[in-house]
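Here the sequence shown is numbered in our numbering, starting from 456 and rising by one per residue. Using N, Cα and C, we set each Cβ at its ideal position, and we do this for glycine too. Since we're looking at a predicted model, the values are computed, not measured. First up is the structure itself, then whatever we jot down about it.
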Amino acid sequence: NTLLIGHHTALRPGHRNWDYFFQPLEKLVEIYSTWGNQEYSYSEGNPIPPRYKFFGYGKYAIKRGPILGKKGCYVQDALLRGYKLGFIAGGDDHIGAFPSGPMDIDNGIYPSGIMALWSYKDKLTKEELWDKLISRKCYGTTGPRVIVQFWVENFFMGEIIKLIENIHLKDKRCILLSLFSPKNIEKIEIVRNSKIIYKKNINKNTFRLKFIDTDNFHSISHQHSKKQESFVFYYPRIFLFDSNMAWASPIWIINPNN
């Protein structure tokens, strides 16, 4: 079994070219790491933009490198092509890799992120972990252990909904979000096809949302770049008061173009 996960997709040195994509093997993307948030660009408001960790060499080196985002290589660029990618977060600080040179906890400008998997089993086996990864039942944070649950109707994060089997979703869709955070939540945004359709300031560590999207599917859907399929995707973007963030894997509604 094989699973490919794109790493710092929008960092200019080492970016991900979304023209080359194989969905059966590539089901996840690292939305955040010590290289920054790869979701969207600094010019579009990304508060943690992709940066190079080091800039220069020897005594001239500085840790806060320049913003080096690559246009067209962000996570949202892939989603708008119709690619079905769940979200994880990671580190790449190399502290646990030998030999990595002298240990430096602050060897990147951003802290390491974490990945969370959702499972209701009493025991997490390797097989169960693998199943949750390939089915995108996962999410990422910039470090804090935020508990995120996200649904469209009764479909959970990472799921793909076929409109033909759920025709009632053509005219309206109920979006549900549940959060529990170790730090106070500043605000949340619900993203649909890379645009914010709902946002709310929170200022507490728990939150529940029920929001109805009443826009007609055919008026808001996008066209897949590689096959005859229209789609809509949703995901939550969560901001904490200490500048940390979290994202749940998207949920898609798809409709083949006959």
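Alpha-carbon to alpha-carbon, residue j and residue i
| i | j | result |
| --- | --- | --- |
| V601 | N648 | 24 Å |
| K654 | F672 | 21 Å |
| E481 | N501 | 24 Å |
| I645 | L572 | 20 Å |
| I667 | C629 | 5 Å |
| I564 | N656 | 27 Å |
| Y538 | K682 | 11 Å |
| N660 | S636 | 5 Å |
| I622 | S574 | 28 Å |
| K581 | S674 | 42 Å |
| Q493 | K576 | 31 Å |
| R506 | T597 | 15 Å |
| D670 | K627 | 6 Å |
| D474 | N639 | 39 Å |
| N456 | D697 | 39 Å |
| L540 | I589 | 10 Å |
| P479 | E583 | 19 Å |
| K587 | L624 | 25 Å |
| P468 | E614 | 32 Å |
| A701 | R591 | 15 Å |
Buried versus exposed, by CB contacts within 10 Å (16 or more), residue i
| i | result |
| --- | --- |
| W585 | exposed |
| D532 | buried |
| F477 | exposed |
| I619 | exposed |
| S498 | exposed |
| P691 | buried |
Contact set for residue i: own chain, Cβ-Cβ below 6 Å, skip 5 residues either direction
| i | result |
| --- | --- |
| I543 | L483, E485, M570, C593, G595 |
| F605 | M612, L632, P691, A703 |
| I651 | E644 |
Cβ-based neighbour list, residue i, same chain, cut-off 8 Å, excluding 5 preceding and 5 following
| i | result |
| --- | --- |
| S488 | H462, H463, A544, G545, G546, D547, Y565, S567, G568 |
| E684 | G537, Q678, I709, N710, P711, N712 |
| P610 | Looking at the sequence provided, one finds Phe at residue 610 rather than Pro. Same-chain partners within the cutoff: I616, I706. |
| S421 | Nothing about residue 421 can be reported from this structure: the residues present for the chain run from 456 to 713 only. |
| I522 | Y497, P504, P505, R506 |
Whole-number beta carbon distance between residue j and residue i, since they are thought to touch under 8 Å
| i | j | result |
| --- | --- | --- |
| I693 | L634 | 6 Å |
| L579 | L631 | Going by Cβ atoms, the distance from L579 to L631 rounds to 25 Å, so no, they are not a contact pair. |
| A703 | V603 | 5 Å |
| L466 | W490 | 5 Å |
| L534 | F688 | 6 Å |
| P599 | N472 | About 32 Å; that fails the 8 Å criterion. |
Same chain, Cβ closer than 7 Å to residue i, five either side skipped, listed in chain order
| i | result |
| --- | --- |
| H470 | T464, K525, C528 |
| K642 | K654, K655, N656, I657, F694 |
| F686 | G537, S676, H677, H679, W707, I708, I709 |
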